[in-house]
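Working notes for the structure below.
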Amino acid sequence: MRGITRHSLIKPLHVELPHGAPFDVKALMHKGVSAKRAARYVESGWIVRLGHGVYAFPSDKMDAPGCILLLQNRVLGLHVGGKSALALHGIRHNLGARELWILWGDRRFILPEWFTSHFPARYIHAKLFDWKNHPSLDEETISTPIGVTEHLRVSVPERAILELLSEVGTHQDLEEARNLFDGLRNLRLQALGRLLSACTSVKTVRLFLTWARETGVVDVDQLIKEHTILSGSKSRWMSRLKDGTLLTLKPHG
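Heads up, the sequence shown is in the working numbering, so the first residue is 918 and it goes up one at a time.
Structure (structure tokens):
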């Protein structure tokens, strides 16, 4: 009789909770399952514990977007950014079989082992943009691309390319970044202008303006005319990258 009762309790969970993605104590409590009962479910093999307060169904194969959805609820501003965001928008270059997931967030955070053991990933906490003069721009430049898991927070291409360029010379190869830049199409001038105005990285701004002039992806002169874009002093910006390349950038490309 006790087994039947347990089965009647676990069955709704299989219907109502996501498959291919983890769920936490909060989600279980919302379904009437206490932490103590969840522990009994683990002992019985109905669910498995992935980490502290995080569970999944034992037969499920984990899905990266589904896992990221749970992280989004735990970390302020967490979203798929940079190279990973561009890939979800269809802008790719030589993707590997186990491509690294690039995640950005608003506070320091260590990705949990239950996530990184399934998916290679890197989390970035850097103040690339100052939103004080554009308070709504942060959320306006996050979207969910067509065909991507519902509610997954992903940088729009205009924001993603700036996130990518900010990592050039550290975690991002210069040549690959240029190849991805060459794949950009139909960028929105106003969105770019506002993002560049809010960007705190001189290197990122100058590199974008330089490559934009070279590729003609947007009208750089119009961007500069319509927006206050801070690109540092009038001097050239120079830095030697990890691979020994000397990167030299003029103020306005």
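C-beta atoms are modelled at their ideal positions from N, C-alpha and C, and glycine is treated no differently.
Fill in: Closest Cα partner of Ser-1118 within the set Ala-955, Gly-994 and Leu-1082
Selected option, being the one with the closest Cα: Leu-1082.
Worksheet item: Three or more C-beta pairs closer than 8 Å, one from the region 1025-1036 and one from the region 1093-1110: is that the case here?
Response: no
Item to complete: Run the CB neighbour count on Pro-939, radius 10 Å, all protein chains shown included, and call it buried at 16 or more, exposed below.
Response: buried
Discussion item. Suppose the cutoff is 6 Å on Cβ atoms and the five residues either side in sequence are ignored; what does the same chain contact list for Leu-1140 look like?
Written reply: Gly-1110
Fill in: Backbone CA spacing between Cys-1116 and His-936 [nearest angstrom]
38 Å
Worksheet entry | Neighbourhood of Pro-982 by C-beta distance below 6 Å, restricted to the same chain and skipping five residues each side | Cβ-Cβ distances below 6 Å link Pro-982 to Thr-1066 and Leu-1069 in the same chain, with the five nearest sequence neighbours on each side left out; the list follows chain order.
Fill in: Val-950 versus Val-971 - alpha carbon distance
13 Å
Practice prompt. Please work out which residues of its chain come closer than 6 Å, Cβ to Cβ, to Leu-1126, disregarding the five sequence neighbours upstream and downstream, and give them in chain order.
Written response: Val-1137, His-1169 and Gly-1170
Worksheet item: What first and last residue would you give for the alpha helix (DSSP H) that runs through Leu-1091?
Response: 1091-1099
Worksheet entry | Any 3 or more C-beta pairs closer than 8 Å across the region 995-1014 and the region 1076-1090 | yes
Item to complete: Kindly indicate the opening and closing residues of the alpha helix (DSSP H) around Ile-1078.
Response: 1074-1083
Worksheet item: Can you give the beta carbon distance from Leu-1166 to Arg-1157, rounded, assuming they're within the 8 Å contact cut?
Response: Their Cβ separation, rounded to whole angstroms, is 13 Å, which puts Leu-1166 and Arg-1157 out of contact at 8 Å.
Worksheet entry | 6 Å CB neighbourhood of Thr-1145 in its chain, flanking five on each side removed | Ser-1114
Discussion item. Quick test of the definition: if touching needs 3 or more C-beta pairs under 8 Å, does the region 1055-1062 touch the region 975-993?
Written reply: no
Discussion item. Only counting the same chain, and skipping five residues up and downstream in sequence, which positions put a Cβ closer than 6 Å to that of Trp-1128?
Written reply: Phe-1098
Fill in: Where Asp-941 falls: helix, strand or coil (DSSP)
Strand.
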